[in-house]
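The structure appears right after this line, and notes come after that.
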Amino acid sequence: MRRDVMCGKGTMKIEDWTEKNAKYVLTLPAVIFVLIMVVFPLIYTISVSFQEWNLTTYAGRKWTGLRNYAELLTDERFWNATARTLIYSFSAVAIEAVLGIAIALFLNREFKGKNVTKTLFLLPMVSTPVAVGMVWLLLYEPTMGLANYFLSILGISPQPWLTSRTTVLPSLIIIDVWQWTPIVMLITLAGLATLPKEPYDSAKIDGASKFQILTKITLPLVMPTVLVGLLIRLIDALKTYDIIYSTTQGGPGEASETLNILGYVLGFSYFQMGLGSALIILFLLVVTIVSLVFMKLRNKAISSLY
Amino acid sequence: MQSTRNVMKRIGFYVILILILLCVSFPFIWMILASFKTQVQIQSLENLFIFKPTFSNYPKVFKDYDFWKPILNSFIVAFFSTGIGLLLGLPASYGIARFKQKLFGSIILVIRFFPGITFLIPWFSIFSRIGLIDTYVALILSHLLINLPFIIWLMVPFFESMPLELEDAARVDGCPTLKIFSKIALPLASPGIITGSLLSFVFSWNNFVFSMVLCGGRTKTLPLAVFNFVSYALIDWGALMAATVIITLPVLAIAFVTQRYIIQGLTAGAVKG
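Chains A and B are the protein sequences, given in the same order. Using my numbering, you'd call the opening residue of the first sequence number 30 and step up by one each time. Using my numbering, you'd call the opening residue of the second sequence number 3 and step up by one each time.
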């Protein structure tokens, strides 16, 4: 009855037309947005990457072919930034994987306060990254920060943390681990909740030890889910910008300058639009390669499990 | 014997749990504590937890650093980019889910993985040519680039998992697709829509890099206002921490109230079902 009221048949031609093309009518607005705000800018970036275009000189734009790419690929600064990006992302995600899975296995039971626990785990990753950066800036402050205070209690000499070339990257990785271990933990926990019961029952009948159950049943079963989560995490880690820029701006010197930061510096501090665009295209290439390799490894790992 | 061992085990579990939770929440505790300290109290490492609180940091943030405006700016941008994101994203997700528009679906997925900076150079030069730098329009459009793919990413599996019986029955009755979408599918999808809107709002509220390039004095958003504290020669830590509390508080409130939905939203994509 109610359905009839809601869905009175249209007699107008426009309605017939929209019905025939409903699938396009639904997606068209989003497609137009993507064309204007994503596809067009991407083509624009690619074309600017082949031009010399410096906003500070008013010299206009000049086609220079592959010169921007050649300049970057022979520049030590670019390779250092690439290495830093990879070191930062892979170490952070590796630590997050170990900690996240371990904590998820630890919490995978019913206990009082489970919901509060999950909520607290949510906070680091939903909080404004700039705010997180500022708090860690204070915690890491060499003279008044709590980090060195804790070290002094443990009898370890104070560290320069974000203010020295050698310690800045590990310090940033610690922030990343603090911020993003929770997502690995939550994804693993969600994956654990969907595991089938049967393998466990038969393992119990066979008298398998707890360790055997963990390594032979639980981990292999939950791994596909966790690996997808880790891939997403890895790509996001490669893109890390807010935390790094708000705490160090890529410094001291260039010691924490990742590809993302270098792209920003080239484009919006030096106003080298051509060079910046070329860097962004190379950066996209790095992200794509890393995800493809990771995906291949994941498929291999999964197919070897069965 | 058995029961004392169990009790010991339980106590051990909670001790470890509390240690883990302390690690997770410690920076927040520190942020709140420091926001009630004077510069001198922050600089000394005595009386870390017990001190005479000062309430001058919060008024200072609003008076000396003029925080009302960035709060309003951030709210406007987050509100409208979320709203428009839903307006464009919900029909698109439904279209992708029901009519198997795989190509567009995967394009959206790829956009989700693009670094935000990819688009900043073209946007900056186009927006400055048409005079949109330092306007809400530019900021809202740029934030849509995060919100729209996220909403679609979240909603496509949601629509796909919804039962088809009701929709099929309506179709047999001659109900047009757009009405099926708006009157049947949308109401059923409301949990997903709530998750999507809240997280979109948070992502937009948190966004830093787009604001850095597209903002000016008029539309400066909160993350930018917080970051500006560092540019002073001497950082006013108490006020800075009060500012970080102000910017994080709404996000934390949303997280606490809608914890279950947000976990679903953030873990979506990895966990099926």
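Virtual Cβ for every residue (Gly too), placed ideally from N, Cα, C.
Chain B within 8 Å of residue i, Cβ atoms only
i      : result
A/A219 : yes
A/V271 : Before going on, a small fix: residue 271 of chain A reads as Asp here, not Val. So yes, A/D271 belongs to the interface.
A/V251 : no
A/M66  : yes
A/E44  : yes
A/R327 : no
A/W165 : yes
A/S275 : yes
A/Y169 : no
A/S156 : yes
A/P153 : yes
A/E139 : no
Cα-Cα separation between residue i and residue j, rounded to whole angstroms
i      : j      : result
A/P187 : A/P171 : 7 Å
B/V42  : B/T56  : 11 Å
A/P253 : B/L50  : 45 Å
B/C25  : A/I203 : 12 Å
B/V63  : B/M243 : 10 Å
A/S193 : A/P281 : 6 Å
A/V145 : A/L215 : 13 Å
A/F119 : A/L263 : 7 Å
A/L95  : A/F69  : 21 Å
B/P151 : A/A237 : 45 Å
B/W2   : B/L105 : Residue 2 of chain B is absent from the model: chain B starts at 3 and stops at 275.
A/I182 : A/L198 : 24 Å
A/I61  : A/A222 : 40 Å
A/L279 : A/L191 : Leu is not the amino acid found at residue 279 of chain A; the sequence shown has Gly there. Distance between the alpha carbons of A/G279 and A/L191 is about 10 Å.
A/T85  : A/G296 : 11 Å
A/Y87  : B/T250 : 42 Å
A/N109 : A/W209 : 25 Å
A/D45  : B/Q261 : 43 Å
B/I2   : A/E139 : Coverage of chain B is limited to positions 3 through 275, which leaves residue 2 of chain B absent and any answer about it impossible.
B/L90  : B/Y138 : 18 Å
A/K268 : A/A51  : 37 Å
A/I261 : B/D175 : 43 Å
A/E105 : A/A307 : 15 Å
B/G267 : A/T217 : 14 Å
A/I234 : A/A266 : 43 Å
A/L134 : B/K11  : 16 Å
Residue i in three-state terms, based on DSSP
i      : result
A/N177 : helix
A/N83  : strand
A/I43  : helix
A/Q301 : strand
A/R113 : helix
A/R96  : helix
A/K52  : helix
B/K62  : helix
A/R90  : strand
B/N49  : coil
B/I148 : helix
B/N75  : helix
B/K104 : helix
Residue-chain proximity (residue i, chain A), Cβ-Cβ < 8 Å
i      : result
B/V79  : no
B/L150 : yes
B/M157 : no
B/G218 : no
B/V253 : yes
B/P165 : no
B/T197 : no
B/L111 : no
B/P193 : no
B/N208 : yes
B/T269 : yes
Proximity test, residue i beta-carbon vs the ligand GTP heavy atom, cut-off 7 Å
i     : result
A/N83 : Although the ligand GTP was asked about, the structure shown includes no ligands whatsoever.
(message) For the stretch 296-321 of chain A, list every residue whose C-beta sits within 8 Å of some C-beta in chain E, in sequence order.
(response) Note that chain E does not occur in the displayed structure, where the protein chains are A and B.
(message) Short of 9 Å Cβ to Cβ, which residues in the stretch 11-44 of chain B face chain A?
(response) Listed in sequence order: R12, F15, Y16, I18, L19, I22, L23, C25, V26, S27, F28, P29, F30, W32, M33, A36, I44.
(message) Three Cβ pairs or more, each shorter than 8 Å: is that satisfied between the stretch 33-48 of chain B and the stretch 189-202 of chain B?
(response) Not touching, per the Cβ criterion.
(request) Please determine if the stretch 65-75 of chain A and the stretch 280-300 of chain A are in contact, where contact requires at least 3 C-beta pairs separated by less than 8 Å. (result) Pairwise C-beta distances place the stretch 65-75 of chain A out of contact with the stretch 280-300 of chain A, as fewer than three of them are shorter than 8 Å.
(message) Quick check: the stretch 164-182 of chain A against the stretch 29-40 of chain B, are at least 3 beta-carbon pairs closer than 8 Å?
(response) Contact check between the stretch 29-40 of chain B and the stretch 164-182 of chain A: three or more CB pairs, one atom from each, fall below 8 Å, which counts as touching.
(request) Answer yes if the stretch 268-277 of chain A comes into contact with the stretch 76-91 of chain A, meaning at least three C-beta pairs across the two stretches below 8 Å, and no otherwise. (result) Flag = no, the stretch 76-91 of chain A and the stretch 268-277 of chain A do not touch.
(request) Could you tell me whether the stretch 109-119 of chain A touches the stretch 153-172 of chain B, where touching means 3 or more Cβ pairs closer than 8 Å? (result) The stretch 109-119 of chain A vs the stretch 153-172 of chain B: no contact.
(request) Assess, as a yes-or-no matter, whether the stretch 13-28 of chain B is touched by the stretch 134-149 of chain A under the definition of 3 or more beta carbon pairs within less than 8 Å. (result) Counting Cβ pairs under 8 Å, three or more are found: they touch.
(request) Check whether the stretch 313-328 of chain A touches the stretch 99-117 of chain B, counting contact only when three or more Cβ pairs, one atom from each stretch, lie closer than 8 Å. (result) Below 8 Å, enough C-beta pairs join the stretch 313-328 of chain A and the stretch 99-117 of chain B to call them touching: three or more.
(request) Give the residues from the stretch 64-98 of chain B that approach chain A closer than 8 Å (Cβ to any Cβ), ordered along the chain. (result) Those would be L89, L90, G91, P93, A94, Y96, G97, I98, in chain order.
(message) Residues of the stretch 115-130 of chain B in Cβ contact with chain A at a cutoff of 9 Å, in chain order, please.
(response) For the stretch 115-130 of chain B, which is checked against every Cβ of chain A, the residues closer than 9 Å are F115, F116, P117, G118, I119, T120, F121, L122, I123, P124, W125, F126, S127, I128.
(request) Inspect the CB distances between the stretch 79-87 of chain B and the stretch 140-149 of chain B and report whether three or more fall short of 8 Å. (result) The stretch 79-87 of chain B is in contact with the stretch 140-149 of chain B.
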